[in-house]
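Working notes, beginning with the structure itself.
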């Protein structure tokens, strides 16, 4: 089971069928570039530049994978420095390969003009364009030419040109301190370009950078002087922390949703997170199992390596001339210590409750954090992103929910109801017909249809059902009554918690109450009120328990529809143990019921406690 779980997060090349695509990054000029961005990671590799990938190398690379689909990205350095004649040869070679299904160009845009666009239209009209632009002019100020001058004017001109010709582009925007606190401005600015259809916010996690990039010649250019000045004892001035990045992305997400920019372009990693939250798939390797074993990088000097984010020379697989089949590629991967080290990071994810949504993240970045004993910091920011996007997905009219740090994404499996909409209608209709419930009690206090410990079917009851009280486990009744009678909320599930002493194979159950909001507005109100309750509960609960707030989904077995739900759980407090938790659980449940029953702020005053002090500019309070 352990191995199969790892494979679900990190698939090796032989484990996927020939219909699964691989990504091939062609570094057409190595690290050679016409500009000198201060944070450039490619130049930190100090890889040979100046040479050009040939059409013959492109032919060999495409044929290497046989019939397997290949997605090619023309990259650099700056790929346009390869020159128009060589670019035309490369595009013709790619067009001639039947397994090359997609070609994209990632450029800084400084050289892009009408002539280049004419060339692409003639030799590969379906090419996809990617432009590097870090938001607005201020955000983009780390991207300079060798004289230290800003490149923003040229990039803006390139995007305008693409839009004028009816072409579309994705934008990669690095998140640095120059954009922190300005998410609204950045999103609005990028939305002003007609060509932009995707914005990918990528982090500058460069705190470990301690020295500037080596200069190619004797002269220290103004750009390298700027770089030297930006690198201090605590790291470079362009670096952000994982939580700074997560908070910026969530602030950008809220504005993207409320401003209507979501109609203009996709925002990553938000869209990938949404797809995973909904149970779908994404092309992003950060959220899927197609990680480093399905990403390859080719350099002009014939080197073939794995993902270009991994360090050289450790990432080298072989010389392209020395390898002739996919089987040989897979064998080289199996021998590469760097890949085995990266894959080992996934073992930690096997037991993580976020694994099906997170997909283990970027292993190249995680490796750097792991080397600094900070992998938990990387994981925390991924969890923060998922929690915030889950909030926005469930309550899009209340984007302040992205700021809440009490509600966590914790879907339960299984979590299903026979007919959710019928249950919702019956709850608010006292005269609706109600069939007798099948209630049996296990020796451990579980109330369900079969009277057995564990997770089993239970009939769905409401306060107007004559067996309502009988169907609620005694320990959890104070909490259920407070929420239903006092708050007017709908509970779809409850469990009083069971230790199952004497059943070594049975997993203990924690006290839990599930809330099924009637609509998104009620969802947002309940989430905000319960966030506010958390501080009061923490003050009165016994030291063995802590109140946890979980977001999740409830699936209707009749229609297949999923509903956003909220779960309250009393869990063992950090440092406590299950024995003490169950010993004091009756007292904890009673005290939580009292907190929920006590008078609270009026509905007009209820707002997420987390949003009370740190609301991003432009976000309305609930």
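Residue numbers (the working numbering): 1424 to 2045. Every residue gets a Cβ at the ideal spot worked out from N, C-alpha and C, and that includes glycine. Small disclaimer: the values here were computed from a predicted structure and weren't measured.
Asked                                                                                                                                                                                         : Found
Under a three-way DSSP split, which group does residue 1881 fall into?                                                                                                                        : coil
Specify the secondary structure class of residue 1806 as computed by DSSP and reduced to three states.                                                                                        : helix
Is the segment 1710 to 1728 in contact with the segment 1740 to 1756, if contact means three or more CB pairs nearer than 8 Å?                                                                : yes
Could you say if the segment 1853 to 1862 and the segment 1881 to 1899 meet the contact criterion of at least three C-beta pairs nearer than 8 Å?                                             : yes
Where does residue 1479 sit, in a helix, a strand or coil, going by DSSP?                                                                                                                     : helix
What residues in its chain sit with their C-beta under 6 Å from that of residue 1807, if we drop five residues either side in the sequence?                                                   : 1669
Under the rule that 16 or more other beta-carbon atoms within 10 Å means buried, what is residue 1651, buried or exposed?                                                                     : exposed
Buried or exposed for residue 1506, please, with buried defined as at least 16 other CB atoms from any protein chain shown within 10 angstroms of its CB.                                     : exposed
With distances taken Cα to Cα, identify the nearest neighbour of residue 1684 among 1825, 1783, 1615.                                                                                         : 1615
In terms of alpha-carbon separation, which member of 1591, 1540, 1932, 1533 lies closest to residue 1566?                                                                                     : 1533
Taking DSSP as the reference, what is the three-state secondary structure of residue 1734?                                                                                                    : coil
Excluding the 5 residues flanking residue 1630 on each side, which residues of the same chain have their C-beta closer than 6 Å to its C-beta?                                                : 1658, 1662
Pair every Cβ in the segment 1521 to 1532 with every Cβ in the segment 1494 to 1501, then say whether three or more of these pairs are closer than 8 Å.                                       : yes
I'd like to know whether the C-beta atoms of residue 1841 and residue 1883 end up nearer to each other than 8 Å.                                                                              : yes
Among the candidates 1583, 1581, 1656, 1558, whose CA atom is the shortest distance from the CA of residue 1622?                                                                              : 1558
Taking Cβ to Cβ, would you say residue 1916 is nearer than 8 Å to residue 1894?                                                                                                               : no
Classify residue 2037: buried if its beta carbon has 16 or more other beta carbons within 10 angstroms, exposed otherwise.                                                                    : Note that residue 2037 has pLDDT 43, beneath the 50 cutoff, so the model's placement of it is unreliable and the number below is only indicative. So residue 2037 ends up on the exposed side.
With burial defined as no fewer than 16 other Cβ atoms inside 10 Å of the residue's Cβ, what is the status of residue 1716: buried or exposed?                                                : buried
Between the Cα of residue 1802 and those of 1819, 1834, 1816, 1769, spot the shortest distance and give me the residue it belongs to.                                                         : 1769
Spell out the partners DSSP gives residue 1605 in its beta bridges.                                                                                                                           : Note: residue 1605 sits in no beta bridge, so no partner.
Measuring straight from C-alpha to C-alpha, what distance separates residue 1479 and residue 1516?                                                                                            : 8 Å
Using 8 Å as the Cβ pair cut-off and three pairs as the minimum, do the segment 1753 to 1760 and the segment 1669 to 1682 touch?                                                              : no
With a CB to CB cut of under 8 Å and the five nearest residues on each side skipped, what residues in its chain are close to residue 1441?                                                    : 1489, 1490, 1491
Give every residue of the same chain whose Cβ lies closer than 8 Å to the Cβ of residue 1430, excluding the five residues on either side of it in the sequence, and list them in chain order. : 1438, 1712
Assess contact between the segment 1956 to 1967 and the segment 1924 to 1941, defined as three or more Cβ pairs (one per stretch) separated by less than 8 Å. Is contact present?             : no
Could you name the residues of the same chain whose beta carbon sits closer than 6 Å to that of residue 1512, not counting the 5 residues immediately before and after it, in chain order?    : 1478
Does residue 1899 pass the burial test, meaning 16 or more other C-beta atoms within 10 Å, or should it be called exposed?                                                                    : buried
Looking only at its chain, what residues have a beta carbon closer than 8 Å to the beta carbon of residue 1825, apart from the 5 residues adjacent to it on each side?                        : 1673, 1674, 1676, 1677, 1811, 1812, 1814, 1815
Mapping DSSP to helix, strand and coil, what is residue 1466?                                                                                                                                 : helix
If contacts are defined as beta-carbon pairs under 8 Å, then residue 1847 and residue 1941 qualify, I think. What distance do you get, rounded to the angstrom?                               : 6 Å
Return the CA-CA distance between residue 2009 and residue 1957, expressed in angstroms with no decimal places.                                                                               : 18 Å
To the nearest angstrom, report how far apart residue 1767 and residue 1542 are at their CA atoms.                                                                                            : 44 Å
The beta strand (DSSP E) with residue 1775 in it runs from where to where?                                                                                                                    : No beta strand (DSSP E) contains residue 1775, which DSSP labels as neither H nor E.
If you draw a straight line from the alpha carbon of residue 1573 to that of residue 1647, how long is it in whole angstroms?                                                                 : 14 Å
Check for me: the alpha helix (DSSP H) holding residue 1832 runs from which residue to which?                                                                                                 : Run containing residue 1832: none in the alpha helix (DSSP H); it sits in the beta strand (DSSP E), 1830 to 1832.
Do residue 1504 and residue 1456 have their beta-carbon atoms positioned less than 8 Å apart in this structure?                                                                               : yes
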